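Visitor:
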Ligand code: APR
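Put into structure tokens, the structure is as follows:
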């Protein structure tokens, strides 16, 4: 494995700029369940019932049943070594941009600045009637919680059946199509359009490096089958060693 880290560090030093695409796997070591790997959220709950905009409009209580506690505890979750390693790669001038599918805000908490949250964030909760915005830990009590005006509250996240924020998608596509290397970290790469970003990068000549205990992106040039919290700090160390 040592030789692999050495080679990847050399690639990342050469193939700049690098862009990262992250999924739920990078937050698993922060205690946040993934969706599709073992014990994932969608093993217990059908996302088309509990996380689709169509059902939400008829009955928001289903979404709030599976997300209410996580939202109220939003500030409790902390970045792990994987998040901090990506912030370090940005600081070192290796990583130009970070595209995340995650809604937990942990990349920004870890200090990453060039971040595009293509599925939105749980940080802001909006009233669909009066537009009032609450911050996650301050949402009113009640299941489902309601706005003081009585309106339905919905986090600023993309549910199944909703469009991604256009400017976020545009930024993600621009970054993926102009990078020279892409780190694909902790994603099953099954949900579009995020799942197409590594292929977009590869079509434009980027080297694809996957970090995932279960290889998910078949066209990756390199795959480190390790947890992100282990692999990413080692990549940073190897880049620092041969500076
Ligand atoms: N380090 C790296 N990868 C990990 C780790 C870890 N510690 N633990 C799990 N993984 C990998 C799993 O092997 C899996 O391939 O992370 C991936 C998680 O896949 P999903 O749970 O499907 O998460 P993700 O790909 O981010 O889902 C995409 O689907 O439900 C929607 O909106 C939701 O953003 C989400 C999207």
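Numbering (my numbering), first residue to last: 12 to 254. Built from N, CA and C at the ideal position, the CB exists for glycine as well. Only a predicted model underlies this, so the values are computations on that prediction, with no experimental measurement involved.
1. Given the structure, does residue 186 come close to the ligand APR, in the sense that its CB is under 7 angstroms from one of the ligand's heavy atoms?
2. Please indicate yes or no: does the CB of residue 92 lie closer than 7 angstroms to some heavy atom of the ligand APR?
3. How about the segment 211-227 and the segment 178-198: do they share at least three Cβ pairs that are nearer than 8 angstroms?
4. Can you find the residues in the same chain that come closer than 6 angstroms, C-beta to C-beta, to residue 227, ignoring five residues on each side of it along the sequence?
5. To the nearest angstrom, report how far apart residue 80 and residue 72 are at their CA atoms.
6. Is the separation between the beta-carbon of residue 139 and that of residue 162 shorter than 8 angstroms?
7. In the structure shown, what three-state DSSP assignment does residue 139 receive?
8. To the nearest angstrom, report how far apart residue 84 and residue 95 are at their CA atoms.
9. Identify the continuous alpha helix (DSSP H) that holds residue 220 and give its terminal residues.
10. From residue 244 to residue 93, what does the alpha carbon distance come to, in whole angstroms?
11. Which ranges does the alpha helix (DSSP H) cover as unbroken runs of at least 4 residues, wholly within the segment 146-206, from first to last along the chain?
12. Does the beta-carbon of residue 112 have 16 or more other beta-carbons within 10 angstroms, so that it is buried, or is it exposed?
13. The beta strand (DSSP E) with residue 105 in it runs from where to where?
14. Let me check understanding here. Comparing Cα to Cα, which of 104, 18, 40 and 66 lies closest to residue 171?
15. Out of 233, 191 and 239, which one is the CA nearest neighbour of residue 17?
16. In this structure, how does DSSP classify residue 129 when only helix, strand and coil are distinguished?
17. Can residue 223 be considered in contact with the ligand APR, in the sense that its beta carbon sits closer than 7 angstroms to one or more heavy atoms?
18. Here's the rule I'm using: 16 or more other beta-carbon atoms within 10 Å means buried, otherwise exposed. How should residue 115 be labelled?
19. Is residue 238 near the ligand APR - that is, is its Cβ less than 7 angstroms away from at least one heavy atom of it?
20. Does DSSP classify residue 72 as helix, strand or coil?
21. In terms of alpha-carbon separation, which member of 29, 184 and 40 lies closest to residue 240?
22. So what does DSSP say about residue 47, is it helix, strand or coil?
23. By how many angstroms is the C-alpha of residue 193 removed from the C-alpha of residue 231?
24. Helix, strand or coil for residue 85? Go by DSSP, reduced to three states.
Guide: Reading it off the structure:
1. The sequence position of residue 186 within the chain shown is 175, counting from 1. Residue 186: no, Cβ never under 7 angstroms from the ligand APR.
2. As a position in the chain shown, residue 92 is number 81, starting the count at 1. Taking 7 angstroms as the cut-off, the C-beta of residue 92 does not count as close to any heavy atom of the ligand APR.
3. Verdict: yes, contact present.
4. Along the chain shown, read from residue 1 onward, the residue named residue 227 stands at position 216. Same-chain partners within the cutoff: 199 and 200.
5. Numbered from 1 along the chain shown, position 69 holds the residue referred to as residue 80. Numbered from 1 along the chain shown, position 61 holds the residue referred to as residue 72. Straight-line Cα distance between these residues: approximately 13 angstroms.
6. As a working mapping, residue 139 is identified with position 128 in the chain shown. As a working mapping, residue 162 is identified with position 151 in the chain shown. In this structure, residue 139 sits near residue 162, with a CB-CB distance shorter than 8 angstroms.
7. Taking the chain shown and counting its residues from 1, one reaches residue 139 at position 128. The three-state reading of DSSP puts residue 139 in coil, since its state is none of H, G, I, E or B.
8. Walking along the chain shown from the start, residue 84 turns up at place 73. Walking along the chain shown from the start, residue 95 turns up at place 84. Residue 95 has its alpha-carbon roughly 21 angstroms from the corresponding atom of residue 84.
9. Within the chain shown, numbered from 1, the residue matching residue 220 stands at position 209. From DSSP, residue 220 is part of no alpha helix (DSSP H) but of the beta strand (DSSP E) over 218-222.
10. Walking along the chain shown from the start, residue 244 turns up at place 233. Walking along the chain shown from the start, residue 93 turns up at place 82. One Cα belongs to residue 244, the other to residue 93, and the distance between them is close to 7 angstroms.
11. Counting whole runs of 4 or more residues, the segment 146-206 contains the alpha helix (DSSP H) stretches 177-189.
12. Within the chain shown, numbered from 1, the residue matching residue 112 stands at position 101. Classification of residue 112: buried, given that the 10 Å Cβ count is 16 or more.
13. By 1-based counting over the chain shown, the position of residue 105 is 94. Per DSSP, residue 105 belongs to no beta strand (DSSP E) and is neither H nor E.
14. Here residue 171 refers to the residue found at position 160 when the chain shown is read from its first residue. Nearest C-alpha to residue 171: 66.
15. Your numbering for residue 17 matches position 6 in the chain shown. Comparing C-alpha distances from residue 17 to each of 233, 191 and 239 shows the shortest one belongs to 233.
16. Here residue 129 refers to the residue found at position 118 when the chain shown is read from its first residue. Coil, per DSSP.
17. To locate residue 223, count along the chain shown from 1; it is residue 212. Yes, the Cβ of residue 223 comes within 7 angstroms of a heavy atom of the ligand APR.
18. Translated into the one-based positions of the chain shown, residue 115 becomes position 104. Residue environment for residue 115: buried (at least 16 other C-beta atoms within 10 angstroms of its C-beta).
19. For the purposes of this step, residue 238 is taken as residue 227 along the chain shown, with counting starting at 1. Shortest gap from the CB of residue 238 to any heavy atom of the ligand APR: under 7 angstroms.
20. As a first step, residue 72 must be located in the chain shown, where it is residue number 61. Of the three classes helix, strand and coil, the one that applies to residue 72 here is helix, per DSSP.
21. Residue mapping note: residue 240 aligns to position 229 of the chain shown, counting from 1. The residue with the shortest Cα to Cα distance from residue 240 is 40.
22. The residue labelled residue 47 in the question sits at position 36 within the chain shown. The three-state secondary structure of residue 47, taken from DSSP, is coil.
23. What you label residue 231 is simply residue 220 of the chain shown in a count that begins at 1. What you label residue 193 is simply residue 182 of the chain shown in a count that begins at 1. Cα-Cα distance, rounded: 9 angstroms.
24. Along the chain shown, one-based indexing puts residue 85 at 74. Note: residue 85 maps to helix in three-state DSSP.
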